[in-house]
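Note sheet for the following structure.
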Ligand code: SF4
């Protein structure tokens, strides 16, 4: 993303800072292969996609939020200190967003990743390849390409980038990445399956998570898709924070 695009999505951020919407923990990781692991979360601001069901619109939606207020810039040292306060005992630090890899070229990102304790995980929408430093430092990438209802607001060429998916497929084969697709119904599971086949993503590194922002909706979607998820040999992802009614 260039400077002009960043400006359109909420203003510039000093090179020595990152926009932070929230830092919280310790909490159980709610989704994907590390479900239940004790984690601390850093949620960074800005995104290059505009998914209608997004539950993190405070990180990017300038039509509803003033991002200078919802995601104030903080130094890497400040972020690491906050992780120490909120994530005491957490074995993993999850950097989420928004799209956190938008920031991987900044000095603040380099400093933050260097100083964070424990295993660092990144949650990404799969449109930006990790650079050499990021790939070397990060223990796990949770890659979530947007399909179906999640992808309804963005053109395919913006949300599905074959070269980037190929990079993450290689990391998945090395056990350093897992793909997580959010699906509302059987048609969306099939869309995910086509993408997995087209991009040679290892099936055992794919998690399908039902779409739903409350327990009832999530459970209904889950019952609708679980058989089809299994028929493809994919994994079924929990959404533990909904099930437990915790953050
Ligand atoms: S990619 Fe993630 S953070 Fe960005 S709009 Fe979509 S769901 Fe929200």
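Residue numbers (full-length UniProt numbering): 1 to 247. Ideal placement from N, C-alpha and C gives every residue a C-beta, glycine not left out.
Say yes only if the C-beta of residue i is nearer than 8 Å to one or more non-hydrogen atoms of the ligand SF4, and no if none qualify.
i: residue 209; result: no
i: residue 213; result: no
i: residue 121; result: no
i: residue 125; result: yes
i: residue 99; result: yes
i: residue 57; result: yes
i: residue 140; result: no
i: residue 49; result: yes
i: residue 180; result: no
i: residue 144; result: yes
i: residue 103; result: no
i: residue 53; result: yes
i: residue 112; result: no
i: residue 60; result: yes
i: residue 150; result: yes
Could you give the DSSP three-state label for residue i: helix, strand or coil?
i: residue 83; result: helix
i: residue 39; result: strand
i: residue 18; result: strand
i: residue 28; result: strand
i: residue 33; result: helix
i: residue 162; result: helix
i: residue 134; result: helix
i: residue 148; result: helix
i: residue 11; result: coil
i: residue 226; result: helix
i: residue 173; result: helix
i: residue 216; result: helix
i: residue 247; result: coil
i: residue 154; result: coil
i: residue 241; result: helix
i: residue 200; result: coil
Nearest CA to the CA of residue i: which residue from the options?
i: residue 81; options: 144, 149, 226 and 23; result: 23
i: residue 33; options: 13, 143 and 15; result: 143
i: residue 240; options: 21, 17, 18 and 37; result: 37
i: residue 161; options: 196, 184 and 174; result: 196
i: residue 20; options: 97, 246, 234 and 137; result: 97
i: residue 121; options: 132, 170 and 93; result: 93
i: residue 41; options: 49, 47, 35 and 27; result: 27
i: residue 139; options: 201, 171, 119 and 14; result: 119
i: residue 109; options: 74, 84, 127 and 85; result: 74
i: residue 147; options: 194, 205, 46 and 44; result: 194
i: residue 152; options: 204, 112, 191 and 124; result: 191
i: residue 200; options: 166, 216 and 229; result: 166
i: residue 105; options: 204, 18 and 227; result: 18
i: residue 35; options: 237, 247 and 245; result: 237
i: residue 189; options: 235, 43, 54 and 86; result: 235
i: residue 65; options: 39, 11 and 91; result: 11
Strictly by DSSP, which residues pair up with residue i?
i: residue 235; result: 207
i: residue 178; result: 142
i: residue 183; result: 210
i: residue 23; result: 42
Taking 8 Å as the cut-off, is the beta-carbon of residue i closer than that to any non-hydrogen atom of the ligand SAH?
i: residue 116; result: Of the ligands one can find in the structure shown, namely the ligand SF4, none is the ligand SAH.
Worksheet item: Of all the alpha helix (DSSP H) runs that stay within the bounds of the region 79–131, which reach a length of 4 or more residues?
Response: 107–115
Item to complete: Report the residue ranges of all alpha helix (DSSP H) runs contained in full by the region 45–78; include only those spanning at least 4 residues, in chain order.
Response: 67–70
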